[in-house]
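Numbering (this note's numbering), first residue to last: 0 to 300.
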C-alpha cells in the first residue's frame with residue numbers, strides 16, 4: 000500500500016492524508032498509532048501522547064441525556080487548555096444557548112448532534128486528534144465551526160478528508176497517496192500539492208518513481224549498460240550520458256527548495272516570494288520527473 004515512506008511528525012503539525020478511497024490512508028493512520036504493525040520498517044512514538052479519535056465519540060452519546068450531562072459528565076466546569084470554564088460557556092462556543100444545552104440529545108437535529116460530538120472531542124485532554132472523514136454529514140455552520148476549532152488547536156492533527164477546501168483551510172502539510180505505493184509529503188494543503196507538481200501517478204510511471212529512490216542514493220550509478228545502447232543514435236547516447244549529472248543537480252535544487260518551504264517561518268514571508276518559491280519547486284519537480292522518465296526510455300532502447 001505504501002513503501003519508501005519516511006517522515007517526522009512534531010507537535011503542532013496538522014497533517015492531511017490525501018488520496019482516493021482504498022489506497023491506504025486509514026491503514027497508515029493505524030500503523031502510525033500502533034494499531035497495526037508495518038510489514039517492514041519502524042514507527043517510533045513520542046512520550047506523553049494523549050490521542051482522541053473523532054469516530055469514537057459517536058458510540059458514547061446517550062440519547063436520553065442532555066447536552067450538559069453528556070459533555071460535562073456531571074460537572075459544572077471543565078478544564079479546557081489548562082483553564083477552568085463553566086460548561087454552559089464552553090457549549091456556547093459550539094453554538095448552544097443555555098436553554099438548548101439542557102435539551103436531550105434525541106431531540107436534536109443531525110447538525111446539532113455533530114456539534115455535541117465535537118464538543119465532547121475537544122473537552123478531552125488530548126494532544127493528538129485523529130479525524131477520518133470528519134466533514135461527512137456536517138452542515139455549513141458546523142463545518143465552519145470545525146475549521147475554526149482545528150485551526151486554533153495547539154496539538155497535532157492527523158486528518159483524512161476528501162473536502163479539498165477544508166484541507167486547504169486546516170492542514171499545514173499533506174501526505175499524498177499518489178499511487179503504486181508512492182506517498183509523498185508536501186507543504187500546505189491540496190492547492191499547495193498541485194502547485195508543487197503533485198499528481199496521482201499511473202502504472203506507466205512506476206519505473207520512474209522507483210528510479211527516483213535509486214538515484215537519490217547512488218546518482219553516479221545511473222548509467223546505461225553498454226549492451227542496452229546499441230539502438231541509440233549519437234544525440235541520444237550523449238543525452239543518456241548527461242542525464243545522471245542533470246538528475247543529481249535537479250535533486251539538489253529540489254531538496255534546497257523543499258527545505259526552504261518547510262521552514263517554520265516560510266509562510267510569514269511576502270506572499271509573492273512564497274508563490275515564486277513554490278512555483279520554482281513545482282518546476283524543479285516536474286523537470287526531475289521528466290528526466291527520470293527519459294532515462295528509463297533511453298535505457299530500454
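A virtual CB, placed ideally from N, CA and C, is assigned to each residue, including glycine.
Enumerate in chain order the residues of its own chain whose CB-to-CB distance from residue i is below 6 Å, with the five nearest sequence positions on each side excluded.
i           : result
residue 113 : 137 and 141
residue 123 : 51
residue 1   : 23, 180 and 182
residue 192 : 173, 175 and 185
residue 194 : 277 and 281
Give the DSSP bridge partners of residue i, in chain order.
i           : result
residue 186 : 172
residue 159 : 16 and 131
residue 82  : 79
residue 50  : 127
residue 103 : 65
residue 178 : 181
What is the C-beta distance between residue i and residue j, in whole angstroms, given that I count them as a contact (C-beta under 8 Å)?
i           : j           : result
residue 253 : residue 287 : 6 Å
residue 231 : residue 239 : 7 Å
residue 262 : residue 277 : 13 Å between Cβ atoms; not a contact.
residue 196 : residue 281 : 4 Å
Excluding the 5 residues preceding and the 5 following residue i in the sequence, name in chain order all residues of the same chain whose CB lies nearer than 8 Å to its CB.
i           : result
residue 77  : 70, 71, 83, 84, 86, 89 and 122
residue 30  : 36, 37 and 42
residue 159 : 15, 16, 24, 25, 28, 130, 131 and 132
residue 105 : 62 and 63
residue 110 : 137, 138, 140 and 141
residue 154 : 10, 11, 125, 126, 127 and 128
residue 285 : 196
residue 48  : 126 and 127
residue 242 : 221, 290, 293, 294 and 297
residue 60  : 69, 104, 112, 115, 116 and 119
residue 301 : In the structure as shown, the chain starts at 0 and stops at 300, and residue 301 therefore has no counterpart that could be examined.
residue 107 : 66 and 115
residue 20  : none
Of all the options the options, which has the alpha carbon lying nearest to the alpha carbon of residue i?
i           : options               : result
residue 39  : 272, 187, 198 and 27  : 27
residue 235 : 298, 139 and 158      : 298
residue 147 : 165, 31 and 111       : 165
residue 294 : 269, 244, 272 and 259 : 244
residue 258 : 186, 290, 108 and 109 : 186
residue 118 : 53, 157 and 162       : 53
residue 18  : 102, 268, 190 and 178 : 178
residue 8   : 157, 188, 79 and 145  : 157
residue 68  : 116, 246 and 5        : 116
residue 247 : 48, 198 and 290       : 290
residue 151 : 79, 107 and 48        : 79
residue 92  : 144, 279, 269 and 268 : 144
residue 135 : 161, 279 and 242      : 161
residue 6   : 20, 21 and 44         : 44
Enumerate in chain order the residues of its own chain whose CB-to-CB distance from residue i is below 7 Å, with the five nearest sequence positions on each side excluded.
i           : result
residue 190 : 167
residue 163 : 189
residue 199 : 177 and 178
residue 344 : The structure shown does not extend to residue 344, since the chain is modelled only from 0 through 300, so no value can be given for it.
residue 279 : 256
residue 74  : 86
residue 283 : 249, 252, 253 and 256
Would you please verify whether the beta carbon of residue i is less than 7 Å from any beta carbon of chain B?
i          : result
residue 76 : In the structure shown, chain B cannot be found, because there is only a single protein chain.
- Item | Cβ contact check for the stretch 94-108 and the stretch 125-132: 3 or more pairs under 8 Å | Result no; under three Cβ-Cβ pairs closer than 8 Å.
*asked:* Under 8 Å: do the stretch 161-172 and the stretch 2-16 share three or more Cβ pairs, one atom per stretch?
replied: Counting Cβ pairs under 8 Å, three or more are found: they touch.
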